[in-house]
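Residue numbers (the UniProt record's numbering): 1 to 527.
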């Protein structure tokens, strides 16, 4: 580690820049989360997104209703069936957002140096002079000099699509602002965000609870992205609510996107199953030159804890352009080099003109960065920071990764029921794919017996480098010819990840013990 950044492999040469990228079944080890919406909800487009490398589909409930998203989800299910590619479902909560409803849908033009009144009086008509917002306490929360951002899907950074306002004074329930930039806002809903001003609303709103209890429960969602997470208690509250909705297996990814969340990041990380680093809002709360510092800190902490971390707002320009800017491409690569598990695409796939191309190019950039990622340095860093004495599971998982390096294995195969073993191996960032054979478990409650496993398979789609397969209940037996191992080998061969004489490292639990063994594709056990 030098200057807070993971240094790439020393043998990276100019030839690697000039050599064409090789096509592969696995686009990248880094996972891609795509937000489905108007330009990416047809079955044909979703099929193309899955083939391009999308492994998690995000449904943003800050706009439109459950019926709309249900239609999209049904198309996703058909697309998965047609392409034979699995995809996890992520429900993104709205959180304590302030919104302006544009009932007519007509574009509104704002001119720099003009004035606009933001009011909580919802009886007033929306115009370039008056913005009715659905938060009664706004005028009491802000003061002169505060910065207010307004835009569709929040401030994008493109000045023509979002408005930057400066508070001049407050009068009753009105906030008089100076318009700092000319812009045209289009769409049915605009989000209002006040920099560094906490809103006196719960993180898990009543609207979010209704969405989770109805849409989330109906579809047994794999992940919930908790927007505006500010404290560890926010995650605890959501987890308790999920238990009441019979969604105890659903994982919580806390979206850290405010200074308040930054201050309490460590406690949020302890409680959450994963982190989404929301750079859109945080880029408003923090000075631009400070955002990268928190990104590196947050990713590093997640890596040490072995919890997935997803980076957002990477190729905004691709909402309207076929290619990202050079800076955006470099930003994606640096996120991978920092240690990100996934990249989330929002407006790029939701309403952008090129959803499939956005997924494709981000995957290619991730793959190139992975080729020069210093896996050895990362491994040593994690080992050095793990508390001693190292737990038994941690010791065996790290040994599996070390063995894969020593024997130049093509794959690591891990047997798991909860997914924990696969996540432990991914924590040490192996340079090869990890095929996780998830063993179903029979569970009982007071009403019925259920066979778990499907949810654990889909949730591993959010972990870097892990490619899960649902096995049979007897797949964890010992021996080189057991069904689970054959399944992994056959799958690896069919997609081109394995060839004759390749070696794979197998991590499996037998009774109370866990073992690591090395197997050739032909099935011959190596000493």
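Note that beta-carbon positions come from the ideal geometry of N, C-alpha and C, so glycine has one too.
Just so you know, these numbers come straight off a predicted model, no measurement behind them.
| query | result |
| --- | --- |
| Per-residue burial, residue 310 [other beta carbons within 10 Å of its own, 16 or more giving buried] | buried |
| Nearest-angstrom Cα separation, counted from residue 434 out to residue 99 | 43 Å |
| Per DSSP, the bridge partner or partners of residue 274 | 253 |
| Distance, residue 465 Cα to residue 369 Cα | 14 Å |
| Proximity below 8 Å, CB of residue 488 to CB of residue 401 | no |
| Sheet register partners of residue 468 (DSSP bridge) | 436 |
| Neighbour-count burial assignment, residue 318, 16 or more Cβ in a 10 Å radius | buried |
| Local Cβ density within 10 Å of residue 244, reported as buried at 16 or more and exposed below that | exposed |
| Helix, strand or coil at residue 340 according to DSSP, with G and I counted as helix | coil |
| Residue from 187, 97, 431 with nearest C-alpha to residue 105 | 187 |
| Where residue 82 sits in the DSSP three-state scheme | helix |
| Beta-carbon contacts of residue 270 that lie in its chain and below 7 Å, excluding the five residues immediately before and after | 232 |
| CB contact flag (residue 97, residue 30, <8 Å) | no |
| Alpha helix (DSSP H) runs wholly inside the segment 251-335, at least 4 long, in chain order | 259-263, 265-271, 279-285, 288-305 |
| Unbroken alpha helix (DSSP H) run spanning residue 243, endpoints | 232-244 |
| Segments of 3+ residues assigned as beta strand (DSSP E) that fall wholly inside the segment 139-210 | 147-151, 162-171, 174-179, 183-185, 189-194 |
| Opening and closing residue of the beta strand (DSSP E) in which residue 226 lies | 223-226 |
| CB of residue 331 within 8 Å of CB of residue 296, strictly | no |
| Under the three-state DSSP convention, the category residue 360 falls into | helix |
| Between the CA atoms of residue 441 and residue 321 - distance to the nearest angstrom | 47 Å |
| Given residue 501 as reference, the closest of 389, 521, 240, 462 once Cα atoms are compared | 521 |
| Check: residue 230 C-beta below 7 Å from any heavy atom of the ligand FAD | What this structure holds is no ligand at all, so the ligand FAD is not there to describe. |
| Extent of the continuous beta strand (DSSP E) run through residue 390 | No beta strand (DSSP E) contains residue 390, which DSSP labels as neither H nor E. |
| 6 Å CB neighbourhood of residue 108 in its chain, flanking five on each side removed | 128, 185 |
| For residue 313, the nearest candidate out of 343, 307, 366, 286 (CA to CA) | 343 |
| Buried or exposed by the 16-neighbour rule on C-beta atoms within 10 Å, applied to residue 239 | buried |
| Given 8 Å, three or more beta-carbon pairs between the segment 53-63 and the segment 372-380 | no |
| First and last residue of the uninterrupted alpha helix (DSSP H) at residue 457 | 454-459 |
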